[in-house]
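Participant: Sharing a structure with you now.
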Amino acid sequence: QSVEIRSPEATRPWQHVLEPLSGYLNLGAELYGDDNLHGEAFNFGPRAEQNHTVRQLLEDLSKYWHFNDVNDAFTVTANIPFHEAGLLKLNCDKPLFIMKWQANLEYQEVIKFTSEWYYNYYKLDKSMFDKTVEQISEYEDIANNKYLEWTA
Numbered sequence: 085q086s087v088e089i090r091s092p093e094a095t096r097p098w099q100h101v102l103e104p105l106s107g108y109l110n111l112g113a114e115l116y117g118d119d120n121l122h123g124e125a126f127n128f129g130p131r132a133e134q135n136h137t138v139r140q141l142l143e144d145l146s147k148y149w150h151f152n153d154v155n156d157a158f159t160v161t162a163n164i165p166f167h168e169a170g171l172l173k174l175n176c177d178k179p180l181f182i183m184k185w186q187a188n189l190e191y192q193e194v195i196k197f198t199s200e201w202y203y204n205y206y207k208l209d210k211s212m213f214d215k216t217v218e219q220i221s222e223y224e225d226i227a228n229n230k231y232l233e234w235t236a
């Protein structure tokens, strides 16, 4: 089924849910040992080079969903009843400098993880619990192989 989008050229900082979750878990561990961080605000997000347009994201996702023609994956609507920012960015310097936290997945890995999870949910009769645990394990393996500071 095709999805309807409003702003195909809008740019967003795409990330998988495991990215900010790893940041919040790391922050919890830091807060346990450092009272000075209480009340501080943190953004956990992807690297700046992971900003892609909505159109690019949908084109990349559609490949995993086996669309023969990417144009069948979405339609663009002119119905935009409100202002929508063309560019969204997150400044994630603070967790990098204070906790050495950084995002783990590259853009194509984000696409793969997200596509596979939703494809399993909507198209295959598989256990989503098992798929989720599998992806968490894969996420941890990727982070460990990169020797990310927060995995220690």
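Numbering (the working numbering), first residue to last: 85 to 236. Ideal placement from N, C-alpha and C gives every residue a C-beta, glycine not left out. All values reported here derive from a predicted model rather than from experimental measurement.
Alpha carbon to alpha carbon, how far is M183 from A125? Give it in angstroms, no decimals.
Facilitator: Within the sequence shown, numbered from 1, the residue matching residue 125 stands at position 41. Within the sequence shown, numbered from 1, the residue matching residue 183 stands at position 99. Between A125 and M183, the C-alpha separation is close to 13 Å.
Participant: Does the stretch 162-176 come close enough to the stretch 126-135 to have 3 or more Cβ pairs within less than 8 Å?
Facilitator: yes
Participant: Keeping to the same chain, check which residues put their C-beta closer than 7 Å to that of Q186; ignore five residues upstream and five downstream.
Facilitator: Numbered from its first residue, the sequence shown carries residue 186 at position 102. So the list reads L180 and L232, once near-sequence residues are dropped.
Participant: Rounded to a whole number of angstroms, what is the C-alpha to C-alpha distance between I89 and N120?
Facilitator: The sequence position of residue 89 within the sequence shown is 5, counting from 1. The sequence position of residue 120 within the sequence shown is 36, counting from 1. About 43 Å.
Participant: In whole angstroms, what separates the C-alpha of A113 from that of A236?
Facilitator: One-based indexing of the sequence shown puts residue 113 at position 29. One-based indexing of the sequence shown puts residue 236 at position 152. Cα to Cα, A113 sits roughly 12 Å from A236.
Participant: Terminal residues of the continuous alpha helix (DSSP H) containing I89?
Facilitator: Stepping through the sequence shown from its first residue, residue 89 is reached at position 5. From DSSP, I89 is part of no alpha helix (DSSP H) but of the beta strand (DSSP E) over V87 to I89.
Participant: Taking the beta carbon of I164 as the centre, do at least 16 other beta carbons fall within 10 Å, making it buried, or is it exposed?
Facilitator: As a position in the sequence shown, residue 164 is number 80, starting the count at 1. It is exposed - the Cβ of I164 has fewer than 16 other Cβ atoms within 10 Å.
Participant: Compare the Cα-Cα distances from W105 to each of G117, K230 and Y223 and report the closest residue.
Facilitator: Translated into positions along the sequence shown, residue 105 becomes position 21. Strictly speaking, residue 105 in this sequence is Leu, with Trp absent from that position. Among G117, K230 and Y223, the Cα nearest to that of L105 belongs to Y223.
Participant: DSSP three-state label for F197, please.
Facilitator: In the sequence shown, residue 197 corresponds to position 113, counting from 1. Here F197 sits in helix by DSSP.
Participant: Does the stretch 148-157 come within contact of the stretch 92-102, defined as at least 3 CB pairs closer than 8 Å?
Facilitator: no
Participant: Quick one: Cα of L141 to Cα of N188, how far?
Facilitator: As a first step, residue 141 is located in the sequence shown; it is residue number 57 there, counting from the start. As a first step, residue 188 is located in the sequence shown; it is residue number 104 there, counting from the start. Cα-Cα distance, rounded: 18 Å.
Participant: Check the C-beta distance from W149 over to S199 and give it rounded, since I have them as a contact under 8 Å.
Facilitator: Taking the sequence shown and counting its residues from 1, one reaches residue 149 at position 65. Taking the sequence shown and counting its residues from 1, one reaches residue 199 at position 115. Rounded, the Cβ-Cβ distance is 7 Å, consistent with contact.
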